[in-house]
Amino acid sequence: MDTQVGIVGAGPAGLLLAHLLGREGIDCVVLEARSREYVEHRVRAGVLEQGTVDVLTRTGVADRLQREGMVHRGIELRFGGEGHRVALSDLAGGRAITVYGQQEVVKDLIAARLDAGGPLEFEAPATEIDAERGVVRYGDGGSDELRCAIVAGCDGFHGVARAAVPADALTVYEREYPFAWLGILARAAPSSEELIYTHHERGFALHSMRSADVTRNYRQVAPGEDIEAWPDERIWEELQTRMALADGSFALNEGEVFEKGIAPMRSFVAEPMRHGRLVLAGDAAHIVPATGAKGLNLAVADVRVLARALSAYFAHGDESGLDTYSERCLRRVWRVQHFSWWMTAMLHRLTGDAFEARLQRSQLDYVVRSRAAATTLAENYVGLELEDV
Ligand code: FAD
Ligand code: DHB
Numbered sequence: 002m003d004t005q006v007g008i009v010g011a012g013p014a015g016l017l018l019a020h021l022l023g024r025e026g027i028d029c030v031v032l033e034a035r036s037r038e039y040v041e042h043r044v045r046a047g048v049l050e051q052g053t054v055d056v057l058t059r060t061g062v063a064d065r066l067q068r069e070g071m072v073h074r075g076i077e078l079r080f081g082g083e084g085h086r087v088a089l090s091d092l093a094g095g096r097a098i099t100v101y102g103q104q105e106v107v108k109d110l111i112a113a114r115l116d117a118g119g120p121l122e123f124e125a126p127a128t129e130i131d132a133e134r135g136v137v138r139y140g141d142g143g144s145d146e147l148r149c150a151i152v153a154g155c156d157g158f159h160g161v162a163r164a165a166v167p168a169d170a171l172t173v174y175e176r177e178y179p180f181a182w183l184g185i186l187a188r189a190a191p192s193s194e195e196l197i198y199t200h201h202e203r204g205f206a207l208h209s210m211r212s213a214d215v216t217r218n219y220r221q222v223a224p225g226e227d228i229e230a231w232p233d234e235r236i237w238e239e240l241q242t243r244m245a246l247a248d249g250s251f252a253l254n255e256g257e258v259f260e261k262g263i264a265p266m267r268s269f270v271a272e273p274m275r276h277g278r279l280v281l282a283g284d285a286a287h288i289v290p291a292t293g294a295k296g297l298n299l300a301v302a303d304v305r306v307l308a309r310a311l312s313a314y315f316a317h318g319d320e321s322g323l324d325t326y327s328e329r330c331l332r333r334v335w336r337v338q339h340f341s342w343w344m345t346a347m348l349h350r351l352t353g354d355a356f357e358a359r360l361q362r363s364q365l366d367y368v369v370r371s372r373a374a375a376t377t378l379a380e381n382y383v384g385l386e387l388e389d390v
């Protein structure tokens, strides 16, 4: 055996797993296909649930997060030209979210791993995994071999780990949405203290941020949209139209766009999340549409369960945590799938059907008027605790 746990992928799931296992004295090797530079600059999510912040804080990798992260206690839902605040913390027992870029979490975890002297190999793509024997082939043409007691497939949606499970041992549930998100990062001060989720007849728009002078905005586009068809002026114009308030009192601050990309919207679950010596975590096992801001948080939740299971396994050969890993994770995965699907269906322009649009407006009205409905949104958005799911 070369290592106790072979971790494939240095995204949030793989890096946090390595960090948690390292603290328990469990030996692991992380293999990442891309360069350090690439993974540290890959712009993705930005909303951390309370539970995600707590685990990073408790395990000593949140110094910068505590300094630079922005704690938010509410969000705005905007529709029909009016804004409505959902008071997340009041409705969800004081819990809050923190806005802090995913790539910042990744940088912090890479630094912690390298400081601890743990093996983390960049530009070392896994090419093949033997789930029964716990062997990972990697490197140029699969020239190297890593033998592991357990392999953690944390290699995202397009990785190789899920494909290492025989097709007849895996059930896949999937839904593709007829739209995507065009996301930008811009040098502009946030136009609001809190995130704004906007439902508009021309489509969904979201105003988010990264710091006092960087904003992150998203808007719904067609799935096959060419990013080149969207020069910056057109992006701003469309965002301004969708986010406008009826009384004319709102304008988005504009600035230089320094990052833009299009992300597809998909729901996906592969069950079970373990086969033989291979366990799957994060996007390797499931994808949610981004409207609920859950992808990263779900990856973190999987890894918390997995780290506990592995620690019992290596400390006293107790396999019960590994045996129940998939079942325990999938309860949360399906709760989050439902929430993400619900937020997506409520806020986007769907087929353009008028009946559907009326139902969406009714649902939005209900969420902002009923404390019970708002509480449902709030407690899911800030994140249900592991024991509650
Ligand atoms: P990843 O972050 O995908 O990490 C997997 C890692 O494995 C990567 O570093 C990859 O390079 C590596 N890898 C892949 N194949 C191999 C291999 N063969 N060998 C070794 N390494 C390999 N969520 C939100 O909540 N809000 C958002 O706005 C949002 N935007 C997104 C935009 C995009 C374009 C994408 C793809 C996702 C977005 N998400 C968003 C989802 C969120 O970022 C993911 O849920 C989160 O990154 C999951 O973490 P992970 O560690 O499981 O997977
Ligand atoms: C961000 C991303 C999301 O998917 C979301 O729902 C809210 C905010 C962000 O990148 O800031």
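For the working numbering, count along the sequence shown from 1 and bump the result up by 1.
Don't be surprised by glycine CBs; every beta carbon is placed ideally from N, CA and C.
Per DSSP, ARG134 lies in no beta strand (DSSP E) and is assigned neither H nor E.
The beta carbon of ALA117 is closer than 7 Å to those of GLY23 in its chain, skipping five residues each way along the sequence. Annotation: ARG86 to ALA150 spans about 49 Å, alpha carbon to alpha carbon. Its chain contains ALA375, THR376, ALA379 as the residues whose beta carbon lies nearer than 6 Å to that of LEU92, once the 5 sequence neighbours on both sides are disregarded; these appear in chain order. Note on the region 221-305: whole beta strand (DSSP E) runs with a minimum of 3 residues are 257-272, 279-281, in chain order. With contact defined as three or more Cβ pairs closer than 8 Å, the region 145-164 and the region 274-289 are in contact. Collapsing the DSSP output to three states places PHE123 in coil. CYS155 sits in coil when the DSSP states are folded into three classes, being neither helix nor strand.
From the listed residues ARG211, GLU202, GLY256, the smallest Cα separation to GLU357 is found for GLU202. The closest CA to that of TYR174, considering only GLY7, ALA271, TYR382, is found on ALA271. A residue is called buried once 16 or more other Cβ atoms fall within 10 Å of its Cβ, and ILE98 is buried on that count.
In terms of Cβ geometry, TRP343 and GLY293 form a close pair [threshold 9 Å]. For the set VAL289, SER312, LEU307, the Cα lying nearest the Cα of SER341 is the one of VAL289. Our two residues, ARG362 and SER371, have alpha carbons roughly 14 Å apart in a direct line.
Cα atoms of PRO265 and HIS317: separation of roughly 43 Å, rounded to the nearest angstrom. At a cut-off of 4 residues, the continuous stretches assigned as alpha helix (DSSP H) that sit fully inside the region 52-116 are 64-69, 89-92, 103-116.
With 16 or more other Cβ atoms from the protein chains shown falling within 10 Å of its own Cβ, TYR314 counts as buried.
By the CB criterion at 9 Å, ASP233 and ILE185 fall inside the cutoff. In this structure, TRP182 has its beta carbon less than 8 Å from a heavy atom of the ligand FAD. Less than 9 Å divides the Cβ of GLY384 from the Cβ of ARG96. In the assembly as shown, PHE259 is an exposed residue. Its beta-carbon has fewer than 16 other beta-carbons within 10 Å. DSSP links CYS330 through a beta bridge to no other residue. Look at GLY7 here: in three-state DSSP terms it is strand.
Apart from the 5 residues on each side of it in sequence, GLU195 sits with its Cβ closer than 7 Å to the Cβ of HIS73, GLY75, ILE76, GLU77 in its chain, given in chain order. Fewer than three beta-carbon pairs drawn from the region 36-53 and the region 160-168 are found closer than 8 Å, and the two stretches are therefore not classed as touching. PHE180 carries a strand assignment under DSSP once its states are collapsed to helix, strand and coil. By the 16-neighbour rule on beta-carbons within 10 angstroms, THR4 is buried. Less than 9 Å separates the beta-carbon of ALA181 from that of GLU226.
Contact check for VAL304 and LEU18: beta-carbon distance about 5 Å, within the 8 Å limit, so the pair qualifies. For the ligand FAD, no non-hydrogen atom lies closer than 8 Å to the CB of TYR367. Between the C-alpha atoms of ILE111 and PRO126 there is a straight-line separation of about 17 Å.
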